[in-house]
Amino acid sequence: MALGLGAVLLASLVGGAYALVSRSMCAERPQLRVTATPEIGPALAEVAERYGQEGGCASVSVNTGGSADVADELALRKNLVDVWVPDASVWVDLAKVRGADRTLFSPGASIARSPVIMGVTDGTAAKLAEGDPHGDDSGRGADGDKDAKEGSGEVTPRAAEASWMLLVPTSATKKRLPKASTTLPDPSRFASGLAVLDALNSVVADRPAALKIVEGMTTNLKRSILPSREALFDLLERPDKGTDPIIVDSEQAIWRHNDARAKPQVMGLYPSEGTLALDYPYVPTTKDAAKLRAAEDFHRAVLSDMGRALLQASGFRDPSGRAGAAMDERHGVRAEPPREISAPIAMTRLRSLLSMRLLLADTRTLLMVDVSRSMAKKVPGTGDTRMGAMAKAAEAGVRGLPQGSDIGLWVFATGLDGDKDYKELVPVGPLRENASEITRALRKLPGHTKGDTGLYDSLLAAFRSASEHQVENMLSSIILFTDGRDDDRRGISLQELLTALQKEFDPGRPVTITLIGFGEKADLGKLKQIAQVTNGAAMVAKTFDQAQQIFLQALTNRVCLDRERCASQEG
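So in the UniProt record's numbering, the last one in the sequence shown is 571, and the numbering has no gaps at all.
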């Protein structure tokens, strides 16, 4: 016993002496500021504490910040840190393309991985286990064994395999889970949500019918996303009676959710076709030579046996995909690594992220309504004038906008405000503040139609105003309704308008223009030329009912991001 105690004492003294010697050999002890995505931050803080205890040559502090938020801050060149650990490399590319100082970024190497998988309740897992996850009713799980205990009828939910097609609302998936609903993290803010879309596109690439469904799902994505992981997992904690919610997130997110509970509440489903993984790059973001050396030293600690064990104990895999002992069925997951789908090239992923940011951004919309004298004409079969009917449609559209939108109202004709062909009735601002004011302004318009159609001057002024007053992370657009063509002889020409728009349109901060025309004077060809410069759309309705429907759709839907699909919508 004495010998054993002596050995422990000696080891302790030697360890303490090593730490003292290591510190004495440090020429400097710089402060190293690390900002990590929230899920990996606590584990890195543990590594930093152990690193300090073992004589590391830097004082490491670990803070957390959402990867999207930090990317935006770095793009604005503020809140700079010494090391950044986002959940995926795509955020580094985003920060660079949006304005970050590229000379700050050192190449980032992965320090952990977490595959993106599906999560279901144990009840849904049991339903899936009754038949083959791939559709042949063999009932085989991840290791090929039956999930149902033979002869007993009892089902043991477990982490198993299921096709990504479970997320696609085809007749086959509806038959298997009639009340299934899929929800994922916001792809514009979480790399796991973006990975789902990449994986789905890969899986359905050679299935035209399924590809069309996935494209539709993407266009209407806002209905299927949640802004936080807490809200995502709440769907499984408290599912509506009789429903089968399916969520998609990282394996570590499912592990972490279950780790805080006595038994797993979420069962992981591993896509049989393979999946993509979050790669957690370790990215030094400083030019200071001493801090760069400290960052390299701490990086070695993170990749050491000690660092790897701490990360694996928190539900992460190491950079090669190996799991630790904690990756088990008690956490609703499995140790065996899933097959991986080939990841899109970096530029493709970045384009996908930028598209998602546009598609899912809150909208900042300027409504422009033609109030020229022709708008006083009666709409056949109704007691309304064109102006009265369009004002009612605009009012209904404003009521249907989602919270978080900004909205404003301009009118145009000729000579509305001195020499100007346009007049701002309500400046663009938050919907909750502007909705009632816009409604009042719209109701007054039917009695105030006059003049000709001063379209080009008005549209250029609106475009410049919208471009000047953009708000970060909001999608700016102009939606214009007219029943005629520009007939202001004192104004600019179509070519002058197009030249100005081409020169001033910024694809990185776009202001899209959607033009809706009605009547015999509306010129679809000219409207299309204007819209195409800003990746917008132009349509001329054959009936006034159709014009109202198009106007409502343009107001409440997102701008079309796929130019081929946009082309099919024009006209």
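Glycine included, every Cβ here is placed at the ideal spot set by N, Cα and C.
It should be emphasised that the depicted structure is a prediction, and the values quoted were computed from it without experimental measurement.
query	result
Residue range of the unbroken beta strand (DSSP E) whose run includes Glu395	Counting along the chain, Glu395 falls outside any beta strand (DSSP E), though it belongs to the alpha helix (DSSP H) covering Arg386 to Arg399.
Endpoints, the beta strand (DSSP E) within which Pro271 is located	Met267 to Pro271
Beta-ladder partner(s) of Gly517, from DSSP	Thr482 and Val540
Reference Glu215, options Ser202, Gly388 and Ala294, closest by Cα	Ser202
Check whether Arg509 and Val90 have beta carbons under 7 Å apart	no
Three-state secondary structure (DSSP) of Tyr422	strand
Contact check, Gly451 vs Thr414, beta carbons under 7 Å	yes
CB of Ile117 within 7 Å of CB of Thr183, strictly	no
Opposing strand residues paired with Gln529 [DSSP bridges]	Paired residues: none, contrary to the question.
beta-carbon Val426 near the ligand GTP non-hydrogen atom, thresh 6 Å	Summarising the ligand content, the structure contains no ligands, and the ligand GTP is consequently not present.
Contact check, Asp279 vs Ser110, beta carbons under 7 Å	yes
C-alpha gap between Ser568 and Ala537, whole angstroms	Caution is warranted here: a pLDDT of 34 is assigned to Ser568, below 50, making its placement in the model unreliable, and the coordinate value is therefore given only provisionally. Cα-Cα distance, rounded: 10 Å.
Nearest candidate by alpha-carbon position, reference Arg485, set Met474, Ser372 and Pro427	Ser372
For Val428 and Glu468, the rounded distance between their alpha carbons	12 Å
Length-filtered (4 minimum) alpha helix (DSSP H) runs lying within the region 454-479	455-468
Three-state class that DSSP yields for Phe233 in the structure shown	helix
Neighbour-count burial assignment, Gln53, 16 or more Cβ in a 10 Å radius	exposed
Three-state class that DSSP yields for Thr286 in the structure shown	coil
Length at least 4, wholly inside the region 310-374: the alpha helix (DSSP H) runs in chain order	346-360
Under the three-state DSSP convention, the category Val120 falls into	strand
Beta strand (DSSP E) segment containing Arg33, residue limits	Gln31 to Ala36
From Leu494, Ala441 and Ala435, residue whose alpha carbon lies closest to that of Asp457	Leu494
For Arg490 and Leu498, the rounded distance between their alpha carbons	17 Å
Three CB pairs or more closer than 8 Å across the region 355-367 and the region 227-237	no
Three-state class that DSSP yields for Asp93 in the structure shown	helix
Three-state class that DSSP yields for Asp101 in the structure shown	coil
Whole alpha helix (DSSP H) elements within the region 153-223, 4-residue minimum	171-176, 191-203 and 208-219
Rounded separation between Ile254 and Phe190 - CA only	15 Å
Validate contact between the region 395-414 and the region 504-521 using beta carbons, cut 8 Å, 3 pairs	no
For Ala466, the nearest candidate out of Leu480, Val511 and Phe412 (CA to CA)	Val511
Cβ pair Leu555, Gly383 closer than 7 Å	no
Contact set for Ile473: own chain, Cβ-Cβ below 7 Å, skip 5 residues either direction	The sequence given here has Asn at residue 473, not Ile. So the qualifying residues of the chain are Ala361.
Residues near residue 586 by beta carbon distance below 7 Å, same chain, minus five either side	What is shown of the chain runs 1 to 571, which leaves residue 586 out entirely.
Reduced DSSP secondary structure (H/G/I, E/B, other) of Phe551	helix
Unbroken beta strand (DSSP E) run spanning Asp406, endpoints	Asp406 to Asp417
Three or more C-beta pairs below 8 Å linking the region 29-38 and the region 49-65	yes
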